[in-house]
Structures are given as structure tokens and as C-alpha cells.
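Q: For the protein sequence lines, the chains are G and H, in the order given.
Residue numbers for the first sequence follow this note's numbering, beginning at 6 and rising by one.
Residue numbers for the second sequence follow this note's numbering, beginning at 6 and rising by one.
The structure's right below; bear with me while I get my questions together.
Protein chains: 2
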Amino acid sequence: MDLKKTSTRNSNTILVISNIMNGYQMSRAKISELTGLNKATISEIVRNLIEDQYVVEIGAGESSSAGGRKPIYLEINKKAGISFSIDLRSDQISSLATYLNGEVIEKYTEHCKISKENVIERLVNHVQEFNTKYTAKPFGMIGIAISIHGVVDENQISFTPYFDIDEIDLVKELEDRLNIPVYIENEANLSALAEAAYDHEHTHLISFSVHTGIGAGIILDRQLFRGFKGRSGEIGHTILYPDGIQCACGNKGCFEQYGSFTSLIRRFQTLKKDDQCTFDDLIEAVEQEDAETTLLIDHFAKDLSIGLMNIMGTYDPEVIYVNSEIFDKLPNILSIIEKHLDRSIYKSIQLSKSKLGSQSSLYGATVLNLKNFLSLDEVKFDIGYTSTAAVRSNK
Amino acid sequence: MDLKKTSTRNSNTILVISNIMNGYQMSRAKISELTGLNKATISEIVRNLIEDQYVVEIGAGESSSAGGRKPIYLEINKKAGISFSIDLRSDQISSLATYLNGEVIEKYTEHCKISKENVIERLVNHVQEFNTKYTAKPFGMIGIAISIHGVVDENQISFTPYFDIDEIDLVKELEDRLNIPVYIENEANLSALAEAAYDHEHTHLISFSVHTGIGAGIILDRQLFRGFKGRSGEIGHTILYPDGIQCACGNKGCFEQYGSFTSLIRRFQTLKKDDQCTFDDLIEAVEQEDAETTLLIDHFAKDLSIGLMNIMGTYDPEVIYVNSEIFDKLPNILSIIEKHLDRSIYKSIQLSKSKLGSQSSLYGATVLNLKNFLSLDEVKFDIGYTSTAAVRSNK
DNA sequence: TCAGTTAGTTTATATAATAAACAAACTATA
DNA sequence: TATAGTTTGTTTATTATATAAACTAACTGA
Numbered sequence: 006m007d008l009k010k011t012s013t014r015n016s017n018t019i020l021v022i023s024n025i026m027n028g029y030q031m032s033r034a035k036i037s038e039l040t041g042l043n044k045a046t047i048s049e050i051v052r053n054l055i056e057d058q059y060v061v062e063i064g065a066g067e068s069s070s071a072g073g074r075k076p077i078y079l080e081i082n083k084k085a086g087i088s089f090s091i092d093l094r095s096d097q098i099s100s101l102a103t104y105l106n107g108e109v110i111e112k113y114t115e116h117c118k119i120s121k122e123n124v125i126e127r128l129v130n131h132v133q134e135f136n137t138k139y140t141a142k143p144f145g146m147i148g149i150a151i152s153i154h155g156v157v158d159e160n161q162i163s164f165t166p167y168f169d170i171d172e173i174d175l176v177k178e179l180e181d182r183l184n185i186p187v188y189i190e191n192e193a194n195l196s197a198l199a200e201a202a203y204d205h206e207h208t209h210l211i212s213f214s215v216h217t218g219i220g221a222g223i224i225l226d227r228q229l230f231r232g233f234k235g236r237s238g239e240i241g242h243t244i245l246y247p248d249g250i251q252c253a254c255g256n257k258g259c260f261e262q263y264g265s266f267t268s269l270i271r272r273f274q275t276l277k278k279d280d281q282c283t284f285d286d287l288i289e290a291v292e293q294e295d296a297e298t299t300l301l302i303d304h305f306a307k308d309l310s311i312g313l314m315n316i317m318g319t320y321d322p323e324v325i326y327v328n329s330e331i332f333d334k335l336p337n338i339l340s341i342i343e344k345h346l347d348r349s350i351y352k353s354i355q356l357s358k359s360k361l362g363s364q365s366s367l368y369g370a371t372v373l374n375l376k377n378f379l380s381l382d383e384v385k386f387d388i389g390y391t392s393t394a395a396v397r398s399n400k
Numbered sequence: 006m007d008l009k010k011t012s013t014r015n016s017n018t019i020l021v022i023s024n025i026m027n028g029y030q031m032s033r034a035k036i037s038e039l040t041g042l043n044k045a046t047i048s049e050i051v052r053n054l055i056e057d058q059y060v061v062e063i064g065a066g067e068s069s070s071a072g073g074r075k076p077i078y079l080e081i082n083k084k085a086g087i088s089f090s091i092d093l094r095s096d097q098i099s100s101l102a103t104y105l106n107g108e109v110i111e112k113y114t115e116h117c118k119i120s121k122e123n124v125i126e127r128l129v130n131h132v133q134e135f136n137t138k139y140t141a142k143p144f145g146m147i148g149i150a151i152s153i154h155g156v157v158d159e160n161q162i163s164f165t166p167y168f169d170i171d172e173i174d175l176v177k178e179l180e181d182r183l184n185i186p187v188y189i190e191n192e193a194n195l196s197a198l199a200e201a202a203y204d205h206e207h208t209h210l211i212s213f214s215v216h217t218g219i220g221a222g223i224i225l226d227r228q229l230f231r232g233f234k235g236r237s238g239e240i241g242h243t244i245l246y247p248d249g250i251q252c253a254c255g256n257k258g259c260f261e262q263y264g265s266f267t268s269l270i271r272r273f274q275t276l277k278k279d280d281q282c283t284f285d286d287l288i289e290a291v292e293q294e295d296a297e298t299t300l301l302i303d304h305f306a307k308d309l310s311i312g313l314m315n316i317m318g319t320y321d322p323e324v325i326y327v328n329s330e331i332f333d334k335l336p337n338i339l340s341i342i343e344k345h346l347d348r349s350i351y352k353s354i355q356l357s358k359s360k361l362g363s364q365s366s367l368y369g370a371t372v373l374n375l376k377n378f379l380s381l382d383e384v385k386f387d388i389g390y391t392s393t394a395a396v397r398s399n400k
């Protein structure tokens, strides 16, 4: 069965897979009702899907209160294939292997300086080491999805600010070595895909990440919005203060110069007149209720809140998930931001801390992998799959 | 034939209509090639469309250089129905009637103060007066699309800042009186639809309008993006200068306070210390190369350019169409803006003056009408249809 | 004049959906 | 504990819709 081919039967087959993947306790009858397709049609499609090992029957459910035959619940045949995801940073590689339902098999992190010279070898090693331990029938490893800290367009890296891997053709070289489809995507975009996969309520959401720079992944109508050249999330370089601090991008007053993790540390160092101060020093100062540090945090939160209001005003989302180590270690900063947000126009827009944190782009890569393999335009994950896994690290 | 019903044949029929509407010199053979559907299938669908008077044969084209039978060109049966569009402002009603291909039949403008008390009667009069002069068979008036200067969601007005028509159920009252489908949409969104209809090149574009306030209509992947509650274009209330000028919305430093037509006049009045100064006075000062006015224009253009860069950074469009009387009467302001734009990151994004000007939302309303009637997800108009029309006005 | 080409139609066939009848497996209750 | 009612899922006959192949129509160009 080739899920890519376009025919009536194929698109209906994908529809059925999508329902089984993303729904809860799906039976043939329920799928027929949800899709509007005839019970007989669903029966035949499901028979083929079971024959091809995409789907399994997991036993009977309960009859409804009015009685009647028990439904046979269907699920994706999770062990039929494995998704392999990689978060590629300038100083570390993290990987995540999952079954087809997103259930985690293994996580692994390796700390090492990455460059165009060693990246292929390192990634190939990661994959091959995993393959010696796990295999899946009949599909094997369905794809490798890589989170890139940089601008990506049409499965190609256009720019990476922190390392030189934009100078090689990562996808082609990996595919040649491994003979498995390789997909790459921007880190913030993948984080957004992940938030959407775990958020079954909202259709318009934004994943707002504050690290070295500022990025945003945009989900509109449950679909990732990438912009014309994949640069939609580059809001770090929108201008917050006209004629403000000079930015490396050439402009002055970029949001990134006021709201990023880097800028927060710089502010603190300036305040303390000591450029050796670290984030831990900042946290300590906050915990000791140092007055000038508290004020600094308030100013920082205000700048973030202005940036967030601008995002709300342009995209009109339902919810914004903020993702940053700052929020993990200074949890009450969120309420300071809320205080600064003028909620009158944006009453209905919710601001939440990301539940996935630094792992979000890895989970997003898994979403991308599964979307591509099963031709889905949406993937929903069960809450809980994230935690049930062996975690290893070389650190 | 019910184009709304979902079936294989229906979606293929819509596909054929879409090709005939939006393509150039379409024949059965060409449609078959473009859609991938079999020639026989296209023949049958076209036969039905001709029978139901949606489509007409307009004669034979030329054979290809290699010879062969001449193709029979197909076109939408433009005179089968009439689209009626209305631009509803606080002080005037403009209307535009077109055939199904967007060709203009009549334009009409009436200047009058509009309120919830008189709006229904005025609009009904407009439509009925038109109907005494023109009819179309077999579909008649296919719909009435109204451009609203305010926030619209789910075919309902949520807020109009300049008049009180948000206090009545405009759509329901009109439909009850006229028995014709009524569609409403935000003015900036409709402008964007219009720009997209005349721009056959770009897939991601923004219509940026500067009038009393500032608005933007967003087209992503040739589709209108409305946000979760239809407020995506409300960028006038993003913050340009933190802690800047107080805005009516409650926040400080909104873009609207620096880049709108209103704010330009206010700046000029402050400069000349005379709150009676008009836009014409400003133009005169510019023409006389008044130094302080030239500087004012430069500052104004700079603020607009910052706002535009922020839009570029968030949406990553291919082209932005600016729409404002300011640009009509001060044509070189565009080059001043271009000068201020830091083009390094946004090299590929084009900035153009709207070709439709103040009429754009009317044409956009026509697009909406036709999209709804023919179940299309895209409408392309021929350049040139805008001008060939009788224009009347009561002024 | 006729071979080659392209457009569009006809006909037979294949694909895929549906409706209706049915079997299987249950609940509730008289 | 029989039985009426309900729901799930399958089977069968039928309908809807697309396609391939052969055809006609109408052209070009040598």
C-alpha cells in the first residue's frame, strides 16, 4: 500500500488511519460515524490496514447502556516501525526513539562540539548504535527527523547562527549513508508541532521559545505555518525599541536584545558591574530578594510582555506556550508577565508554560516523522507517553 | 447541482469550475491534463456544467504548431448570476455589482451618516434599486458581500469603532428582507483577498492599509488567514514604542498612534501649532519643500518602516501591498520607507503600492461572494476588469 | 493527398462507495 | 429465562464514478 498515491480509496484510507491514530477507543462503527463513510467501506479499509500490519485489533470494548454488540477497538500497530528524532545543537546531540504511537523507547544525549566535519559521523553512529539494539517489523526505522537551531526551508538548512553545518548538505549525506528518509525542520517550529500534538483542545497556538535568541513556532488551524521562506518564527528580530540596542542582524532594538536569555544575563552583569556573573548568581539574587535584581526582572518581564502582546495582536492565537529555562528556574516570572499584559484586548488568549520544556523539539521531530510516514496532516499524542522511558546520557 | 454536497463527483466538478474560473484559455483537454482526470470524466463534468448554465463554450482556439483539432475554449457563464458587494463605512455606502467573472456592471457611492437605525433600509434600497435595472439568469443575485470597518468573526460583527452597527444582527436582518445570502468580512481582510485575486504570482502576501487606523489582511498560501477570532489584522494595536502615546485601546505606544493617517495629521497640526490644519495643507507644505514638514514625513515614514519590518519578521510574506490615500497623494513616501527598511534580512520581500486603492475591499467582497457561490478556495481576476464600468455617485 | 497530431466522444470495464439485509453479540425486562 | 430491542460488524447487490482504449472530428504540413 502506497499512502502517497492519490486515489479515492487512498485518501479514505489515510482518513481512517488518522482517526485511529488521533482518536480514542476507535471501532469500525465509530470511524464510520465520524467520517460519514459507509460501515462496509470502513470494514474493507480496516481489513486491508490489518493485513498490511498498519493497524491491530486490541480487543472488545463495552457495549453501550442500551446493549448491543461490543465494539472491537482498533489501534495503530505501534511496534510496526520506529521513529528516530534528533535535536542537533552546536554542543550536543540528543535523540529520541519512539514507536509509531509516540511511545518512547529510548532517549540519549551526547555532549560534544558539532561541526560540519564531524556531524555526519556522529549522527550515523547514533542511529546505528540504536539499530543494533532495536528493530521493528515490517517497516523498520520509518525516518529520521532532525531539529535544527537555525532557518530551514524545503528540507534544507539556509542558515545556522551557532555552527557551520549550514555549509554541508546534511539531508543528502545522511540519506546516502543510512538509506532512510531524513527530514529537517527549525527547532521552534518542531516545538510548536509538539505542543499541538499534546494539546487536543486548541486549534491556533504559538510555541514561544526564549533561549540564546527568541523564536516562535506558529500553529494555525492545527497546521504549522512556516512563512514563504520558512522564516515565520524569526520574531527575535522584530523591533521592540526603535533606535535601541544594536543587534547582530544589522537593525537596532531587536526583541532578541531585550527578551532573550542572553540579554537577561547581560542586563544582570551590567547591573552588578561584573561580566562573570552567571544565571545561577541571578537566581540567588532573586531568592535573596535583592531589590535591584527584582526590579531588573520586572523590566525584563515587561519587555517580554510587550513582545507577547505584539504576537497576540498579529496572530490572534488561542494559547501561547512559553518555553525557556528562565521559566523553569524563576517560575513566578510568568505571573509578572501576566501582570504587565494588558488583558483588555487579549482576554481570551491564554499564556502557559510549556509542559515539554527543552524536549519539545525532539517530540516535535517525532510528530514530523509520523506525519510524513503516515501521510497525516495532524498527529495527536496521549499525555503520559513522554515519561515512560529509559533515559541515558554520557554526561 | 448542489456544489456544497460532498461527493467525489462534486469535488471534481468544483475542481473543473476552479480551473475554468482561474485559468486562461481552458479546454477540456487542458483541464484533463491539469487535473490528471481522464478526458472522458472531464467531458461529462463539462457537459453537466454547460447543461446547468455554469459554463459556456466561447468558440475554438488555435491548433498547436504540430497540427491537430482545435480546442474548444470554455469560460464561466458570466451573465448567469450577479455578485453584489458593499463597502459599509460610517459616512458612506459604496456598492459594486459584477458578473460571475468579476467584470464590473455598475459602481455606486452614496454619502450619508450610517447608524443602526437606518443601515438596513439604506442597504435594502441599494440592492433593490439595482435589481430594477439588471437581472441575471438562471442564478440571479448570488449573494451580497459586505465590507465592515471593524472586527468580524463567523459572519457576525464583534466590534465597529466608528459607528453602532455592531449592535444589530446585520446579516440576519438583511437576509430576512432580501432572501439572498449575505456575507460580511473585515475590510482589511477583503482588501487582501482582492490583492490576491489580481496577483497571480505570489502565494504569501499582505495588504497593509493605513487610514483612520492601521489594519492588515493576511494571505498565506493563497488563503485568507483570520486568526482564532478574526482579529489577525489588528496590528494597529501592536506596540511600536513601549510607554509611548496613550491609545484608546488602553495600551501605550500602539502602532496606530504613529503610523495611521490620523496620527500623521495630528503630528502636522502639532508641528504647525494649528489644529485646523488639513491633509491638503500638509501636501502643500511638502510641495513647497518646507524643511520641518519634510523632516516630519521622514519620521513618519521611519515609524511605518519599523512596523512593516515587524510584519515581515512575523509573517515572512513575499509581498506587502500598502493601501492608503497618503501614498496616492505623497507618492515618494514609499521610497522614503524603502530607505528606512533594513533590507538585509528582508531582501526578498517586495513592497508595492496597492493597484486597487480605496476600492480594494469592494473587489475583495466580490471575491468572497464568488468563492462562496462556486465553492472555490481561490479566485483569480483578469487585470482590466476593474476599469470597464459605468461609475455613478450622488456627490 | 495522406501521415501525423491534437481535441473531444463513445463504449466497455474497473474501482469504490452505498443501501439493505443479515449475523453476531450484547442489555434490559416482563 | 425467554424475548424484544440495540449495536457492531459483514455480506450482497446495486449504484456511482473513474479509466482505458478505440473511436470520430478537425486540424497542419510536406
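Beta carbons are placed, not taken as given, at the ideal position from N, Cα and C, and that holds for glycine.
1. Looking at the structure shown, is LYS118 (chain G) part of a helix, part of a strand, or coil, going by DSSP?
2. Would you please state the rounded distance, in angstroms, between the beta carbons of ILE325 (chain G) and LEU356 (chain G)? I believe it to be under 8 Å.
3. Return the chain-ordered ranges of every alpha helix (DSSP H) run that is complete within the stretch 39-76 of chain G and spans a minimum of 4 residues.
4. Whose C-beta lies closer than 7 Å to the C-beta of ARG14 (chain G) among residues of the same chain, with five residues either side of it excluded?
5. State the CB to CB distance for the pair PHE89 (chain H) and ALA71 (chain H), rounded to an integer number of angstroms; the pair is presumed to be in contact (CB under 8 Å).
6. Along the chain, where does the beta strand (DSSP E) containing LEU101 (chain G) start, and where does it finish?
7. At what residues does the alpha helix (DSSP H) containing PHE135 (chain H) begin and finish?
8. Can you list the beta strand (DSSP E) stretches of 3 or more residues lying completely in the stretch 148-210 of chain G, in chain order?
9. Pick out whichever of H:ALA221, H:SER196, H:PHE284 and H:ASP280 has its Cα sitting closest to the Cα of PHE260 (chain H).
10. Just checking: is the beta-carbon of GLY318 (chain H) within a distance shorter than 8 Å of some beta-carbon in chain G?
11. Of all Cβ atoms in chain G, is any one closer than 8 Å to the Cβ of PRO166 (chain H)?
12. What does THR243 (chain H) reach in chain G if we use C-beta pairs closer than 8 Å?
13. Might you give, ordered along the chain, the residues of its own chain that have their beta carbon closer than 6 Å to the beta carbon of ILE47 (chain H), omitting 5 neighbours on each side?
14. Closer than 7 Å by C-beta to ASN24 (chain H): which residues in its own chain qualify, once you throw out the five before and the five after it? Chain order, please.
15. Work out the CA separation of SER265 (chain G) and GLU80 (chain H) for me, nearest whole Å.
16. Which residue comes first and which comes last in the beta strand (DSSP E) that contains ILE219 (chain G)?
17. Would you mind working out which of H:GLY312, H:ILE316, H:MET314 and H:PHE273 sits nearest THR298 (chain H), comparing C-alpha positions?
18. Report the three-state DSSP secondary structure of GLY264 (chain H) (helix, strand or coil).
19. Quick one: Cα of SER365 (chain H) to Cα of GLY241 (chain H), how far?
20. Quick test of your reading: LEU367 (chain G) and SER95 (chain G), contact by CB under 8 Å. State the CB separation rounded to the nearest angstrom.
21. I'd like the ranges of any alpha helix (DSSP H) spanning at least 4 consecutive residues and lying wholly in the stretch 355-394 of chain G.
22. At a Cβ cut of 7 Å, what residues of the stretch 230-241 of chain G count as close to chain H, listed as they run along the chain?
23. Is there a Cβ of chain H sitting closer than 8 Å to that of THR13 (chain G), yes or no?
24. How is the alpha helix (DSSP H) around ILE325 (chain G) delimited, first residue to last?
25. Looking at C-beta atoms only, is the number of pairs between the stretch 150-158 of chain H and the stretch 201-211 of chain H that lie closer than 8 Å three or more?
26. Would you verify that the beta carbon of GLU261 (chain G) is, or is not, closer than 8 Å to some beta carbon of chain H?
27. Of the residues that make up the stretch 53-64 of chain H, which ones have a beta carbon closer than 8 Å to any beta carbon in chain G?
28. How far does the alpha helix (DSSP H) with SER90 (chain G) in it reach, from first residue to last?
29. Would you kindly check if the distance between the Cβ of ALA370 (chain G) and the Cβ of ILE91 (chain G) is under 8 Å?
30. Leaving aside the five residues before and after ILE224 (chain H) along the sequence, list all residues of the same chain whose C-beta is less than 6 Å from its C-beta, in chain order.
31. So HIS209 (chain H) contacts chain G; which residues on that side make the cut at Cβ distance below 8 Å?
32. Determine which residues of the stretch 138-161 of chain G have a Cβ less than 7 Å from any Cβ of chain H, and write them out in chain order.
33. Using beta-carbon positions only, say whether ALA141 (chain G) and ILE87 (chain G) come within less than 8 Å of one another.
34. Just to make sure I have the definition right: I need the residues of chain H whose C-beta is within less than 8 Å of the C-beta of LEU300 (chain G). Which are they?
35. Helix, strand or coil, according to DSSP, for ARG14 (chain H) in the structure here?
36. Is the shortest distance between the beta-carbon of LYS400 (chain H) and the beta-carbons of chain G less than 8 Å?
A: According to the data block:
1. coil
2. 5 Å
3. 44-56
4. none
5. With a Cβ gap of about 46 Å, PHE89 (chain H) and ALA71 (chain H) do not count as contacting.
6. 97-104
7. 124-138
8. 156-158, 161-164 and 187-191
9. H:ALA221
10. yes
11. no
12. MET314, ASN315, GLY318 and THR319
13. ARG33, ILE36 and SER37
14. MET31, ILE36, LEU39 and THR40
15. 56 Å
16. 219-225
17. H:PHE273
18. helix
19. 19 Å
20. LEU367 (chain G) to SER95 (chain G), Cβ: 16 Å. No contact.
21. 365-379
22. PHE230, GLY232, PHE233, LYS234, ARG236, SER237, GLU239 and ILE240
23. yes
24. Looking at the DSSP string, ILE325 (chain G) is not in any alpha helix (DSSP H); the run it does join, the beta strand (DSSP E), is 324-328.
25. no
26. no
27. none
28. No alpha helix (DSSP H) contains SER90 (chain G), which is instead part of the beta strand (DSSP E) from 86-93.
29. yes
30. ALA197, ALA201 and LEU210
31. GLY232 and PHE233
32. none
33. yes
34. Correct list: empty, because the minimum Cβ distance to chain H is about 16 Å.
35. helix
36. Because LYS400 (chain H) carries a pLDDT of 31, less than 50, the predicted location of this residue cannot be relied on, and no value is offered for it.
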